[in-house]
Structures are given as C-alpha cells and as structure tokens.
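Since the structure comes first, as structure tokens, the remarks are kept for the end.
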Amino acid sequence: MICKSACERMLRNNTSPEYYPDQFLRGAGLAIHQMLPLLSTNINREPLTNMLTQELYDRLESELQRQEEVSSDVSIKLATVHDGMVKDVWVLLGPKLSSGSTRGFIRWRWQSLTIALRAATDEMSSREQVANMMLEGVQFKVDVEFDATIDYTIRSKILNSDVISDFTRRPLLVRFETPYFQPAEEMLRSRSMSRPDEAPIDWNWRVSDIDYLLEQDFIERRKKEDIQDEEHAQREMGM
Numbered sequence: 231m232i233c234k235s236a237c238e239r240m241l242r243n244n245t246s247p248e249y250y251p252d253q254f255l256r257g258a259g260l261a262i263h264q265m266l267p268l269l270s271t272n273i274n275r276e277p278l279t280n281m282l283t284q285e286l287y288d289r290l291e292s293e294l295q296r297q298e299e300v301s302s303d304v305s306i307k308l309a310t311v312h313d314g315m316v317k318d319v320w321v322l323l324g325p326k327l328s329s330g331s332t333r334g335f336i337r338w339r340w341q342s343l344t345i346a347l348r349a350a351t352d353e354m355s356s357r358e359q360v361a362n363m364m365l366e367g368v369q370f371k372v373d374v375e376f377d378a379t380i381d382y383t384i385r386s387k388i389l390n391s392d393v394i395s396d397f398t399r400r401p402l403l404v405r406f407e408t409p410y411f412q413p414a415e416e417m418l419r420s421r422s423m424s425r426p427d428e429a430p431i432d433w434n435w436r437v438s439d440i441d442y443l444l445e446q447d448f449i450e451r452r453k454k455e456d457i458q459d460e461e462h463a464q465r466e467m468g469m
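For the sequence shown, the working numbering begins at 231 and goes up steadily by one.
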C-alpha cells in the first residue's frame, strides 16, 4: 500500500491532480470500449496495433488466427462498464535495460517500483545516484480493474452452433503503460504541452496485459533479471 501510494504520487506529480486518477479512468473506460470488440475473428484488427503493446498484440493475434484456421468465430462485446478502480501502479526509473544488458547496473526493486542504478562509485553518493537515474528514464504502468458486463461467444462454423456463449458481469483487469521516456525530460516536455485535465501529449498509453494473460511471462522475466543481477553483483565482488 505504501509503495502504491508513492508510485501514484509520482504519476500524479508528472501529470496533474485533474488528470489522475479521474480523467485517466474515464479514458481507460473509453479505451476498452474501443478495444474489446476488436478482439474478434473475421474483422479488421489493424487498429489494435496502436492500442496494444507488441507483445500483447502478437499473443492475441496468434490465438485469433488459430481460431480462424479451425473455422471458429470469436465475438467479444462490452455491454457495460459499471465502474473502474486503480489496483496498482508500477514505476520504472533509470535507463531501460534490455535482457542481458545489465553490466554496470543494479536493479533495485521495492514491490511495484524498480530503479536501475549504476554501480556505486566513490565520487557519487547513493542518494545522488538515485536522483540521476530518475533523470535518465521513466515508465509508468497502471493496473485497472473494471466491473464490466461482457458478451463472449465462440461459434463453430463446422457444427453451426455456439461452443461457448457467455453473457456475464465480472471483473476485467487491464494494464496500461506509457512509452519508456529516455531521458525523463521527454515526459516533462509532453506534459507542458497539455491541459491539466488531459493525458500528456505523446504519452500514448497502450494496453500491455488483459486478465493476467502475460503475467506469468512477466514474473518469469523478473526472476531471470534478479538472478542476472545477483550473478553480476557476485562477479563484481570477486574482482
């Protein structure tokens, strides 16, 4: 809870109290109204490339293509969004580290906050390092839980009947994320061009996960990163 509050404060300070959380949640609700119907077969899904991260798009597109290949029609309709609330906020600070590129850096994690720190030097204190890393890059991710009524159908063309037909009210968890701003001043520049109640220009929020579809991949990636960081730290100590 303390970490979530700290991450929310960072997000609010870098947008505005008018935008987050109220306007953000309104925009998130509109986004899923546009997105969910596109997660269907036999329609033009190209608009999803501007709504989803590449990783999520690839996963969903491959599954929808598979359904088309077996002559199944998938239809998702969002009947109503009754409410929405922020479940968690993730913040990544410092330069973006790709897999295997952690040499000279240490990832410091506290729940949903991750900071990429350069290896300590005698010339710079830990506090100064953290301050500098905050200037090098930043990314926000927000988990929103919607209370939604969804109409979901899978129909077999071969059987000419519905295999699944579900009209239900249920929680729908969606993760939204910003681009990775490097340096962080790119984020501040876009904020200065926007009204307080608007999403900052060039933030381009995208959906990066739905109902924890990619969560296991995310967890495994974090574990791998932590192991790499530990191995790097041991090598540095042995030098």
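Cβ coordinates follow ideal geometry from the N, Cα and C atoms, glycine included.
Taking its Cβ as the centre, do 16 or more other Cβ atoms sit within 10 Å of residue i, making it buried, or is it exposed?
i	result
tryptophan 320	buried
serine 391	exposed
lysine 371	buried
glutamate 407	buried
Rank the options by C-alpha distance to the C-alpha of residue i and give the top, closest one.
i	options	result
isoleucine 394	Ile388, Leu402, Asp441, Ile384	Ile384
alanine 261	Pro426, Arg405, Gly367	Arg405
leucine 389	Tyr382, Val300, Lys371, Arg337	Val300
lysine 317	Arg425, Glu276, Glu238, Gly257	Glu238
isoleucine 440	Leu286, Pro267, Ala236, Arg425	Leu286
threonine 271	Glu428, Leu343, Ser305	Ser305
leucine 246	Arg451, Asp427, Leu278	One detail in the question is off: residue 246 reads as serine in this sequence, not leucine. When each option's Cα is compared against that of serine 246, the closest is Asp427.
Expressed to the nearest angstrom, what Euclidean distance is found between the alpha-carbon atoms of residue i and residue j?
i	j	result
glutamine 341	lysine 453	13 Å
methionine 417	asparagine 243	12 Å
tyrosine 442	aspartate 288	15 Å
tyrosine 282	asparagine 434	Residue identity check: residue 282 is leucine in the sequence provided, not tyrosine. Looking at the two C-alpha atoms, the distance is approximately 10 Å.
glutamate 293	glycine 259	24 Å
leucine 365	leucine 327	15 Å
aspartate 324	leucine 347	Looking at the sequence itself, residue 324 is glycine, so the reference to aspartate does not match. Those two C-alpha atoms are separated by around 7 Å.
leucine 255	leucine 402	14 Å
proline 251	lysine 234	13 Å
leucine 241	methionine 315	15 Å
tryptophan 338	arginine 436	25 Å
Quick one: grab the DSSP three-state call for residue i.
i	result
leucine 286	helix
methionine 281	coil
serine 235	helix
glycine 314	strand
serine 386	strand
leucine 327	coil
Review point. Between the stretch 298-312 and the stretch 367-380, do three or more beta carbon pairs fall short of 8 Å?
Key: yes
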